[in-house]
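In my numbering, the protein residues as written are 3 to 268.
Beta carbons are placed, not taken as given, at the ideal position from N, Cα and C, and that holds for glycine.
Below is one structure, written out as structure tokens; the observations come after it.
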Ligand SMILES: [Zn+2]
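Right, dumping it as structure tokens:
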């Protein structure tokens, strides 16, 4: 028994000494513009008028706060187990395609925040067409993710000084987009903060309605939670959201993400 254990320890030491060295993270440039959305379309819940509902577009950008260290043998073992779990989820999630499309093969998410809610701050605004009811639409969007089982909670009473997530407004984006999320994470893939920017008018100048704000916010909250785009137009995380609610795949993807250890999978 002792001899077997000794052999194992020696093997680990040998493996650690001779395994290929991973590229140091800190020599890599920070990640920018993870994804960029093009022209989107959100179908109306119930078309009230003949005029089509403004097509919200969304995007997410990321900035990584990198330091970086050499992965240990056990890190590599854990990563391979994580990759196995993602592979075995097959097409029931889009975590695999998310990673395949990413530049850094990094899983990003918040730590479990069920007892210590993530502090959310709603910036005040004078943007034209802003309506107070937009705020409840956004809170509903946050709630749809937490109701699905994501192990995070939100405290909407934060102020600008202690916020981890800021929701702010602009009248319009210059490009085809109605929302944007900028996420910051550390070298372990733990998301530290996010800024969600929403437009009160769509790119064609049509005023956004509460229902559209909820859909765009739901997509942006998905980015804020660490999701990237899905290739399936029936998912809310399709680049140009075509549906108005979370799909089973959205839910399974985020739930799997929050069961896995974040960080690099290289
Ligand atoms: Zn997006």
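**Request:** Mind listing, in chain order, the continuous beta strand (DSSP E) runs of no fewer than 3 residues lying wholly within the stretch 175 to 263?
**Result:** 181 to 187 and 193 to 201
**Item:** residue 97 (DSSP reduced to helix, strand or coil)
**Value:** helix
**Prompt:** Can you tell me the Cα-Cα spacing of residue 107 and residue 73, whole angstroms?
**Reply:** 14 Å
**Request:** Quick one: give me the first and last residue of the alpha helix (DSSP H) that residue 148 is part of.
**Result:** 135 to 149
**Asked** For residue 158, which of helix, strand or coil comes out of DSSP?
**Response** coil
**Prompt:** Considering only residues of the same chain and omitting the five flanking positions on each side of residue 264, which have a CB-CB separation below 7 Å?
**Reply:** 109, 110, 111, 190, 191 and 192
**Prompt:** Which same chain residues, not among the five before or five after residue 125, have their C-beta less than 8 Å away from its C-beta?
**Reply:** 162, 168, 169, 170 and 171
**Request:** State the Cα-Cα distance for the pair residue 2 and residue 120, rounded to the nearest angstrom.
**Result:** Residue 2 falls outside the range modelled here, since the chain spans only 3 to 268, and no answer is possible.
**Message:** DSSP three-state label for residue 123, please.
**Reply:** strand
**Inter-residue Cα distance where the pair is residue 138 and residue 127** = 15 Å
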